[in-house]
Each structure stands twice: as structure tokens, then as C-alpha cells.
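Enquirer:
Chains as they are written, first to last, in the numbering used here: chain A, -1 to 548; chain B, -1 to 548.
1) Using a Cβ-Cβ distance cut-off of 9 Å, determine whether residue 8 of chain A contacts chain B.
2) Can you check whether the C-beta of residue 244 of chain A is within less than 9 Å of a C-beta belonging to chain B?
3) Can you pull the chain A neighbours of residue 290 of chain B, defined as C-beta to C-beta under 8 Å?
4) Rounded to a whole number of angstroms, what is the C-alpha to C-alpha distance between residue 549 of chain A and residue 133 of chain A?
5) When you compare only the Cα positions, how much space is there between residue 244 of chain B and residue 317 of chain B?
6) Run through the DSSP bridge pairs and tell me what residue 156 of chain B is partnered with.
7) Which stretch, first to last residue, makes up the beta strand (DSSP E) that contains residue 50 of chain A?
8) Which residue comes first and which comes last in the alpha helix (DSSP H) that contains residue 406 of chain A?
9) Give the interface partners of residue 379 of chain B over in chain A, defined as CB-CB distance under 8 Å, in chain order.
10) Below 9 Å between beta carbons: does that hold for residue 165 of chain A and residue 141 of chain A?
11) Please check the pair residue 265 of chain B and residue 211 of chain B, which I expect to be a contact at CB under 8 Å, by giving their CB distance rounded to whole angstroms.
12) Would the region 169 to 184 of chain A count as touching the region 387 to 394 of chain A if we require 3 or more Cβ pairs under 8 Å?
13) What three-state label does DSSP hand residue 238 of chain B in the structure shown?
14) Take residue 233 of chain B as the anchor and find which of A/204, A/401, A/475 has the nearest alpha-carbon.
15) Can you have a look at residue 371 of chain B and say buried or exposed, based on whether 16 or more other CB atoms are within 10 angstroms of its CB?
16) Taking only three categories from DSSP, how would you classify residue 114 of chain A?
17) Under 9 Å, do residue 475 of chain A and residue 525 of chain A count as touching if we go by C-beta distance?
18) Between which two residues does the alpha helix (DSSP H) holding residue 502 of chain B run?
19) Taking the beta strand (DSSP E) that residue 273 of chain A belongs to, which residues open and close that run?
20) Are there three or more Cβ pairs, one per stretch, closer than 8 Å when the region 458 to 475 of chain A is compared with the region 492 to 501 of chain A?
21) Buried or exposed: which applies to residue 0 of chain B, given that a residue is buried once 16 or more other Cβ atoms fall within 10 Å of its Cβ?
22) Taking the beta carbon of residue 170 of chain A as the centre, do at least 16 other beta carbons fall within 10 Å, making it buried, or is it exposed?
23) Let's test the definition: count the other Cβ atoms within 10 Å of the Cβ of residue 147 of chain B and tell me whether it reaches 16, buried, or not, exposed.
24) Between the alpha carbons of residue 80 of chain B and residue 37 of chain B, how many angstroms are there, rounded?
25) Distance, Cα to Cα, residue 500 of chain A vs residue 364 of chain B?
26) If you follow the alpha helix (DSSP H) that residue 446 of chain A is part of, which residue opens it and which one closes it?
27) Can you pull the chain A neighbours of residue 391 of chain B, defined as C-beta to C-beta under 8 Å?
28) Taking its Cβ as the centre, do 16 or more other Cβ atoms sit within 10 Å of residue 230 of chain B, making it buried, or is it exposed?
29) Would you mind reading off the limits of the alpha helix (DSSP H) that contains residue 198 of chain A?
30) What does DSSP give as the partner residue(s) for residue 345 of chain A in the beta ladder?
31) Which residue or residues does DSSP assign as beta-bridge partners of residue 213 of chain A?
32) For residue 151 of chain B, count the other beta carbons within 10 Å of its own beta carbon; 16 or more makes it buried, fewer makes it exposed. Which is it?
33) Among B/333, B/367, B/248, whose alpha-carbon lies nearest the alpha-carbon of residue 310 of chain B?
34) Once DSSP output is grouped into helix, strand and coil, what is the label at residue 100 of chain A?
35) So that I know if they touch, is there some Cβ in chain B lying closer than 9 Å to that of residue 346 of chain A?
36) Ends of the alpha helix (DSSP H) at residue 92 of chain A?
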């Protein structure tokens, strides 16, 4: 270790060194990088999802609110991170981590991300980003074309036209949904004579001026929670998000949607937006987008599609028809850190009309001035990193065909796994996969037989006990750390109104194989038969005995 | 290059390889990393700020909206990025880049960021982040303590208590300001009997229920543009942001503020928040925070301090008094990617009251469930990267003393540079530095003499011409690429109502030295005397001749 790093004492000279890029190939930095790379490789290649150490226990390592007075060595901090943070992280890249939408990254993302971090560009303005600005506009154009498929002259005209924007790049799907609904709200309650528009006047004056009693956003009851959050933030109110019933395949009930639209308008309510879901978070189902677009048009509402998860299905020649109608949306949310496989922190709201974002355009005196090319005039966020570079790299290095293989592989695997679950006596498939997401639960044969013929009260009692068993299996499997499925609650028509606890599986990692999925089921069955669940099994047996006897 | 990379054709086998971390030390990955590291080192050590290639020219490299059908080689994309993106980026790390708040990074951020990217944790929930969740809470606690300085038992109780939060980590200052004002709005218009609160009911019903005609946010006219954006998003409206006059030192006029508060309340307006500025973006001045806190208290308003830039001044024993009163704020915005020197994409809203965020708390069925430790229940964003790890590393590796040296060094340098400008005949200091930001403009001696005695019309004419010269010098200096200062427009009392164009210098890079700052002035004087500005000089002379004659 060089002298500069032997003493961690704060001095102007040390500061100078710390802000200077070391050039020697055998520098502390080079050694640090090698050690980190080795350690990360070990972490990423390990076959467990997480250690068994409890979160409460881990919290003890992060309990001190004091900022150290004197510096610690870089090597000391690196060791701390490797031991206390890396080792106690979740291997989201593991093929056995099939519970959430955070998955493995293509290996090339890591060295390319170095470029982004080292350059430390800020794409809010061209003065701190230069090439990153046209690059981000190109990425938005590529995905706009994937969704809307406009002709070449359209992109030749708008791709790099600073007065327009094909979308807004942001930190993730929540900000993308918020941005899209912000645009929808401002376009729904626009300037008019002396009235400057809702953005300037606020919701209270806007509704009054335009003669509405209230505003509304309509989405199926499987809509992502970020939509409620957006309605709260936007001053529309969570109560004004109307959760519409779904059919047996978890898709919005169009008749209920139409009826609600008519009822709202008759009551003097402005419908700001209809939101279609392009892959529900819980079950991966897709709303009938073309029909929703028609209903939105009829009622003069903005049509937004939340395709944060399912959008990349458009890469697949075989499955893109599932999203038919998405090209009719006024705006579409895509998450790049989901099925575009870039690191965490990249989402997009795309807009069919390149002039739509004018509804939220803003300027300042020192940047994003009127007429500038600065991207910051059309985004919710201000300073932003150059994540678009990684989306660009994914699109070029994988190509459409590469993403298609990923999408097709995931959907095939989900269908296979659904068949496997259906064929396994102790499990019940609770939502068939349309994309690469499915849900199921543990239901021993005796319970299944009992559920088939029982009265509503008994069904509710049995399901109550099964819910507890599902929750415990999920928790114990997670804590054991060999594999991870998540859980949620679904309304399932055949079981009445009570929510049913289910396992949720998301199959995005191409390295997840059938053997591993069989292993997940085997382990769940093992936990169900273990001592930890003995009391619950006994309770279930007690309820089942008379039920079966009947 | 290994066979796997010789053929870029999309196949399941290639996909498998691309998602597998290569283990061989002489792999393509290792070679790619070495090449990128070498190239980045060259880029970061170069002594220019940007190439002279125009943005319009660069756009031609990013004009294609088509996603390639077949993959391109990783090495081909890396070469493209190095040649077309890295080479055409802005060297924000250059000591001669003194125009914006994006600066150099300590070298250790780069290898440590690798850990964050490779782990790809998602801190919205513990199931995808584990140790990153308590780590983020600790970082929020460390900065809470820096601002509020509560006692040990307070942090022992709240630091890791999932029912409370000392702050909300987010992608930057804009989202932090929005989050703070969201909390302020929801607490100002709370639930009450059958009324569920503004978050559920919307702005229109909330004002009606609570009996207000309107809502207001008050801030000096030097407030950051994100505050107007937040008022727009929140349904409060940009018109309801009241821009209060500033004194000669760019600090909010307390009398005007008090008068406006009284006037608004008399008119039935609910004052949602007063916003104090802890370092104005344009001039780095600090509002009288303690007095503003008292006014906010008197009027029952939330007191927010936007210390995105100046917050880290609290590290300095010598200068922390400048922020006196910040500990009385209900919420404080800090940007970590500014003076905490972490890579782009990290901000925080801190809350004095650990229960304040309950006003925006939300839940879902599959994550951030009631009672969980998931951070996502108390943030505006959903999925988020583990940037807190880099803040943690900065705080430990630099220590309080290290940050203090950075802050003290920047302020000293700014004061020296202000003196230098004041002593240079051709320049006029337009705002003296309180922190490490100052503004000035080019004013030849003859013009200065003329301005001193002229009537208002002549002053306006001369300043109009000087404004054009300032804008051109800034642009030509930027385009030449050797150094970079930014520009903005300020109201300057002695010159009447017309806005004055000024150069803006931000001194955050510890490697920026006096020699370099003298060089910036020398180059500006050279541009002013160059052929490019001949016509403007002639126009100025024509106005000055009679003015001087009088």
C-alpha cells in the first residue's frame, strides 16, 4: 500500500490525491479493484439466494448515527462493505431468485456501467452531458418505435428535435407513471383564456374553471400501487382512482369500465386517464388494450399503458400480439431495469404525440432555457445520470433477437412450470401465466377434495388455514436462503370474496432451469411436512375431518 | 477473443454465456475492463473540458431509431461508446470545469460503485436488498444528526425503527423537494372525521373541507425551479408559489415575507410551506433560516430548507454558523451527488419528526406490507438502487474532517477569486461569495465609468449590450473547450429592473487552483478583444462615446 493510503489523516494533500485518478497499474486502486472483482465474482456465482442471518441481527452493524471525525482507509471501508454489505445482500442474480422482478444482469453491463459512473455526466442539460443528450433521445426513439412503429420520416423529424420529446427518461416505473399522469392531468385541464391551466392554477381552480365536480383515473384493481401514489401526489386523490373489477383471467372487466365511465361523466366528473396494464405486477396478465383505447377515446380521456414489466414482450414475434392496442396509447411506461436487463434505476414514459410533454415543460435562467436542447425541461427529475447509455448498450449487444429469446424463453418456462404445478398433487395453480409470471399455492389433496364440495363457511375456514401455511412456507423458504419465491394475495372467484395468499414466481433469469424449479416445489413440500408447520397441519386436519366426512 | 464473442448471433447458448459471470482472468471481460479503465483514465486526466465538435454534429451519430435485429459484439459497442460517447462527453471532473454543480469524484467511488452495480439490489423492499436497507437508514441517520444534532437515545430509538423514518432517500434534489412538500401538503390538509385527508380526497375537496380558498408556498425569488415544478405536480399550482423579494445579498426579505404571510392568511389562504434556501443555485447565498422558522411557526406552516447545495457546509466548524436555524426546519433537502461527492443520482429529504412521513405512507399486497421494514412504503420512488452505499463510503473514507477541508477550501478559493475579480479592471463582481459560488461579468473600464453617472435609459442600453457580450463570451469559451463557466441572469438593484447576464462560477473541485482561475479571466478578456466580438464592441463604443462625453 502506498504512503498516500497508509495515513488516512485528513489533509489537503491527501484530498488532492483522493481526487486524482491514480495512474500506476500496481496502485492501491488497481489492487482494490481486483479484490472487489474477485469478491463479486464469488458472490454472484454462489448458489444461495441469501444468508440466514436475520435482518434484525444485521441492523446492529448499521446502528451508529455518528459520522467519523477522521477518515478511515479506503481498504478498511472496502473490507467492511465486502463483509457486512455484500455478504449480507440478496443474490438477485441467482437463478433460484424467482420471486421478484429484479433479476440477473448481462455481464457486460458491469464494465460499461464503469463508463457511466466515471464520466459522471448530468443529462439535465447539455453543458454537463453533451453526447449523452442525443444518445438518450435516440434510446427513447428506439423504444418509441418498438411501441408505436411510426415511419422513418417521423423519427427523422422528431428524434433529435429539442422542441419535442418522444418520451421522458427517469429513475423508474413509478416516476414514469407519475410523469405520464402529470401530462394527462395538465392536458385534461388546460389553459383557456385567462385561465393558465391546472399546472399554474392548481386542481381546485382547474376543476372549478372547467366546470367539473371531480376528476378520475380508472384502472383495474390489479393496477400497480404507484398509480394510487401518483393520484395522491398529483392532488387528484387516491379516492379518485377507480379500481375496476377483473375477469377470471385478471383482465379489466370492460363492461364495468364502460359503466363506470358513463356514471362518472353523468356525475360531472372529468376522466383524466384510463390506465391499461401491460403485465400486472402480481400475475403478469394484460388488459384488452385496444378496447380500452376505444373507451378512452369515447370519453375524451388520456389512455396510459403501464407496461413497466411486459413492454419488452414487443420484441417477440410470437408474443407481441398479446400487447395489441398498445400503439393506441397516449403514453406507455417501460422499466429498463426490469426486462431490458439494465442495472437498477432506469424507466421511461413514452408519448405517442411528441408535443404531449409541452404540458409539463419548464425553464430556468441558468439551464434548460427556452429553445435549448437540455432534456431537463421535459422531465420530472432534475439532475440525472446517463443510464440511457446502458439501455443503448443492451439494445445493441443483445439486439431484437436477443431480447426475443429472453422473452420467449421466460414465457415457455412459465407455461412448463404451470403444467408441472397443475400435475403435482399438493399444489394448486392460482393464475395461469400469460407472460412469465404465475401464482400458485400449497393445497394438500385432502384439502382440495374438501374445498370442492364444502359450503362457503367451511371454504373460508380451510382457506384461512391454507393462507397461514402459504405465508409460513414462503417465509421459511426465504429465510433458509436456498431459493426465493414471493407471495401476494389474490381474489379468486371460486373462493368468494376472501383474499387468498399465494406464491408468486417471476421467471426472468435465463439461467433458471426446470431442475431448479422442481427443486423449489420439493423444498416447499418439505417445509409443509416439517415440524415447524405441525400445529397448522393439525388445525387443518381438524377442519378437514368433518368436512371430508360430510 | 473467445469463440463465444466471435459470433454475435443470438442463440440460447450465447444468452446463457452473456448472463454468466466470466471467471477466467484473461477473459474478454477482463480485457474489456482493462481497455475501458485505460481509456477513462486518459479522458479524466485530459486538460480540456470538452471537444469543439458541435452538438448538432454529434446528433448525427444518434439519429437512428431502429433497434438492431442481430446483436453487435460487446467489443464493438465498447469501441463505439469510447469513440462517440466518452470522447464527446463533458469532463465534469476537470479542474477547469467550474460552471456547474457537477464536479469531480474521489477516485474510490469508481471501484465501490462496481459493488452497487454488480449486486443490483433494489431498496424498495428488504427481499431485494437485505443489508442495504439498514445501511440506507444509517446514512439517513448520519445526515439527520449532522443537521439536527439530536442526542444518542433519539437515534438509538429511531434509526432502525421501521415505523418511523428520519428521511427519504431519492434520485436527487428535485424529488427530495417534491417529497418534502408532499409531506407538508398532506400534513397541512389532514384527515378529519369523515374526511380522509388531501392524499385521498384531492386538493379540491381538501381546501373545501378545511375551509380555505387557496394554498400557498413561499420562497425567495431565487428559489430553485424544482419548487415550481413541485407545486405544479402537487396540484397546488405554480401561481401559488409566492416569490418573495431578496435583499442586496440575495437573501429573502423578511418583512416582505411576513407581510405576504399575513395578507395570504387574511385572504383565507392556507400556507402550506415556507421554503428557506441553504445556498441559492445561482449565487450560493443563504436565507436567514432561524427567522424564517419563527415566521413559519407563527403562521402554522411547514418550514422546509432546500440545502441541496449548501447542506454539507455543516461539516465545517468555521462556516456551519452560516446555516444557523436549519435545525429548526421540518424538512431539509440534501443532494449527495453535489457536495457529498457521490456519483449522479442521490438526494435526500430529511425530516425532523420521524413520524412526519406517515403523511405519505402507502402499502401493497406483495411488498411494503404494513409493519414491514421495506423502505418503499415511505418514498416517492418505487424500485431504487443502493446509492446510499456510496454516501456511506464517502462519509467514512473522507470523514467529517475531509468534507470540512473540501468546504473550507472551496469557500477560501471563492473569496480569493472574488478579490481577484474586483481587482481586475475589466470585470465586475455581481455577487460576493457567501459559500463557494460567485457571479461576475465583463465590463470594460469605459463602460463602468459610463454606468456610474448615466441616466436610467443609458444604463439600460449599456447593460443590454454588455449582456450580449457576456452571453457571447460564455458561449465562445465553452465551445473552445479549455474551460467552462456557466451563465445566468440576476436582478441587481443598482441597475434597476432589467435582468443582468452574468458569469457563474462554482468552486467544488479541490484541484481547481488560482493559476487556473486567472487563466479563465485571461481567456475571457481575450475573447472580448477578439474579432468575434468586434461588432458588439463597436456598438458599445457608440453608446459610450456620448455617455462619457456627458
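Heads up, the beta-carbon is just placed ideally off N, CA and C, and yes, glycines get one too. Nothing here was measured: the structure is a model prediction, and the numbers come from that model.
Expert: This is what the structure holds:
1) yes
2) no
3) Those within 8 Å of residue 290 of chain B in chain A number zero; the least Cβ separation is about 23 Å.
4) With chain A covering only -1 through 548, there is no way to say anything about residue 549 of chain A.
5) 22 Å
6) Partner(s): none; residue 156 of chain B has no beta bridge.
7) Unbroken run through residue 50 of chain A: none, as it is neither H nor E.
8) 386 to 420
9) 169, 170, 172, 173
10) yes
11) 7 Å
12) no
13) helix
14) A/204
15) buried
16) helix
17) yes
18) Residue 502 of chain B -> not in any alpha helix (DSSP H); beta strand (DSSP E) instead, spanning 497 to 504.
19) 267 to 275
20) yes
21) At residue 0 of chain B, the pLDDT of 43 sits below 50, so the modelled position is not reliable and the matter cannot be decided from this model.
22) buried
23) exposed
24) 7 Å
25) 10 Å
26) 443 to 451
27) 75, 79
28) buried
29) 196 to 208
30) A/168, A/333
31) A/268
32) exposed
33) B/333
34) coil
35) no
36) Neither: residue 92 of chain A is in no alpha helix (DSSP H) and is coded neither H nor E.
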